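Comments concern the structure below.
In my numbering, the protein residues as written are 208 to 768.
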């Protein structure tokens, strides 16, 4: 319902329909595969030069050209050269949930940035992630960050780049390698040029198959593409076009659009009636006077009534036209763009702050109540001890912290090496031992993390991260590429660190020990704790308040490793 109202009120004028090849398009639009589920294109100069940004332009008018140039030089890309920002949804799921969710195999929407002049790819990649690294797929190199499983791909010509989840980049690269992939949205790329905002959807890919639309509205989902263009001037002008395979489909689509408009108007009337109940209700107290606490509710209800009536005026006069295989309607909103933007920004800010504050308090609460692990820490570490000892009995030494390639490149963690001794021989066999932990094959196995490796509670979906680690570096059992023998004196074998200290369980990453500096095992709170397994089988619980000041001594580390 809300989508129908949105489509009927956020509109624009004029949609050019002349086809264009990808090479003739602006670089950001040329990168959109024709078989995408949807895309949103923003013409950055058109938005910035519109009345929507009058206040911003007024303020920037006081900045000198030299100051603006100095500001631009601080970034790998001059912000003044950004022409288009295009958000591409590869699948229907990414239309409604576009953001990456930190999962190794997650698929997100892709953000494509197009510039008016070429930039330095090396500077951009370094600025994207100083701790990231280069990965390659089908000969195309992209900068990769494994903490959030996102990457940056610079497109040929160095005038456009793409940011998104790694699997989404793989999806795009597959299509780039095939050339200009044609699909339902191919014509929409040219139609987007010249509009401040442009939305294009392929209903076949974007609309959930199980969505049960009323019979009168089902032809809306049968369109090959739905496009919304928005132009920002003294008023907001726009149009919506639905393109069908044939004239019969367009005729059914015209009827469906008109039915959706009437349904939208009926919904608006219902919402208005609910708000009227608020404004018509006598104030509490019986004297007809409302207290200060009633003002926000009454004011928002009154503003809501006015807004709904203005929207109804737009829908009432909405001209729906059919020409050939397309259905088109236009509208104009004469509201103040800057005022609308300010209100939208305020509500968005409140919602964002509220959501993040709630998440923060929730995480702190879980940390206080639950600690770092989801089960008995000592029992888990004892199970790891048995696996370490079984490995040692077979190989004559403990596993190294990381299995490495011939050139010394770390591939897989000791946690993978222990799998056969943890009752996980089948899972171990699934790993490609000659590939890194985050290869396109091996990363799919991260979701199969055994229960012996605790899941940090601060990660909502507990996607394959663990705080089960070893100490690495001088003075530890895991110093270098070879496995150590069991020492005569008890030494640290493994541990469960406190949150938020955690890593992907297959990644060769642990707690390094630097000369004169104890390892980071605790979180920010004094009640943080960790559990340490020693080679003699004992397990000690450590707390930040009591043990952090003498951590090297407690762990048996040399003072000057």
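Where is the CB? At the ideal position from N, CA and C, for every residue including glycine.
Everything numeric in this text was worked out from a predicted model, so none of it was measured.
For residue 432, the enclosing beta strand (DSSP E) covers residues 432 to 439. Around the C-beta of residue 620, 16 or more other C-beta atoms lie within 10 Å, and the residue is accordingly described as buried. CA-CA distance, residue 540 to residue 259, rounds to 13 Å. Residue 251 sits buried, since 16 or more C-beta atoms from the chains shown fall within 10 Å of its C-beta. It is roughly 42 Å from the alpha-carbon of residue 475 to the alpha-carbon of residue 368. In the pairwise beta carbon analysis, the segment 673 to 684 is classified as touching the segment 716 to 735: at least three pairs are separated by under 8 Å.
Annotation: residue 481 is outside any beta strand (DSSP E); the continuous alpha helix (DSSP H) that includes it extends over 454 to 487.
By the Cβ-count criterion, residue 266 is exposed, with fewer than 16 other Cβ atoms from all chains shown falling within 10 Å of its own Cβ.
Counting only residues of its own chain and dropping the five nearest sequence neighbours on each side, residue 314 has a CB closer than 8 Å to the CB of 297, 298, 300, 301, 372, 374, 375, 378. When secondary structure is reduced to three states using DSSP, residue 234 falls in the helix class.
In the structure shown, residue 673 adopts extended strand secondary structure according to DSSP, grouped into three states. Among the bridge pairs identified by DSSP, residue 446 is matched with 436, 537.
About 5 Å separates the beta carbon of residue 714 from that of residue 644, a gap short enough to meet the 8 Å contact definition.
Secondary structure at residue 614: coil, using DSSP grouped into helix, strand and coil. For residue 380, the enclosing alpha helix (DSSP H) stretches over residues 373 to 384.
A contact between stretches requires three or more CB pairs, one per stretch, nearer than 8 Å, and the segment 396 to 404 meets this requirement with the segment 435 to 444. Each residue's CA atom was taken as its position, placing residue 339 and residue 613 some 22 Å apart. The Cβ atoms of residue 240 and residue 386 lie no closer than 8 Å to each other.
About 33 Å separates the beta carbon of residue 463 from that of residue 508, a gap too long to meet the 8 Å contact definition.
Each of 758, 310, 325 was checked against the Cα of residue 286, and the nearest Cα belongs to 325. The closest CA to that of residue 688, considering only 629, 616, 607, is found on 607. Boundaries around residue 505 are those of the alpha helix (DSSP H), 502 to 523, since no beta strand (DSSP E) includes it. Exposure of residue 473 is indicated by the presence of fewer than 16 other C-beta atoms within 10 angstroms of its C-beta.
The continuous alpha helix (DSSP H) containing residue 621 extends over residues 621 to 624. Look at residue 308 here: in three-state DSSP terms it is coil, with no helix or strand label.
Contact annotation: residue 348 and residue 318 have beta-carbon atoms that are not nearer than 8 Å. DSSP lists no bridge partner for residue 655. Setting aside the 5 residues that flank it on each side, residue 631 is surrounded in the same chain by 657, each with a C-beta closer than 7 Å to its C-beta; the list follows chain order. Straight through space, the alpha carbons of residue 358 and residue 763 are spaced by roughly 40 Å.
Sorting 676, 596, 490, 670 by C-alpha distance to the C-alpha of residue 726 places 676 at the top. A residue is called buried when at least 16 other Cβ atoms come within 10 angstroms of its Cβ; residue 290 meets this threshold and is buried.
When C-beta atoms of the segment 449 to 457 are compared with those of the segment 510 to 519, fewer than three pairs fall below 8 Å, so the two segments do not count as touching.
For residue 746 against residue 588, the beta-carbon gap comes to about 5 Å, under 8 Å, which counts as contact. Closest option to residue 364, judged by alpha-carbon separation, among 538, 237, 600: 237. Proximity to residue 431 across 309, 445, 410 peaks at 410, based on C-alpha coordinates. In terms of CA proximity to residue 468, 518 leads the group 601, 518, 757.
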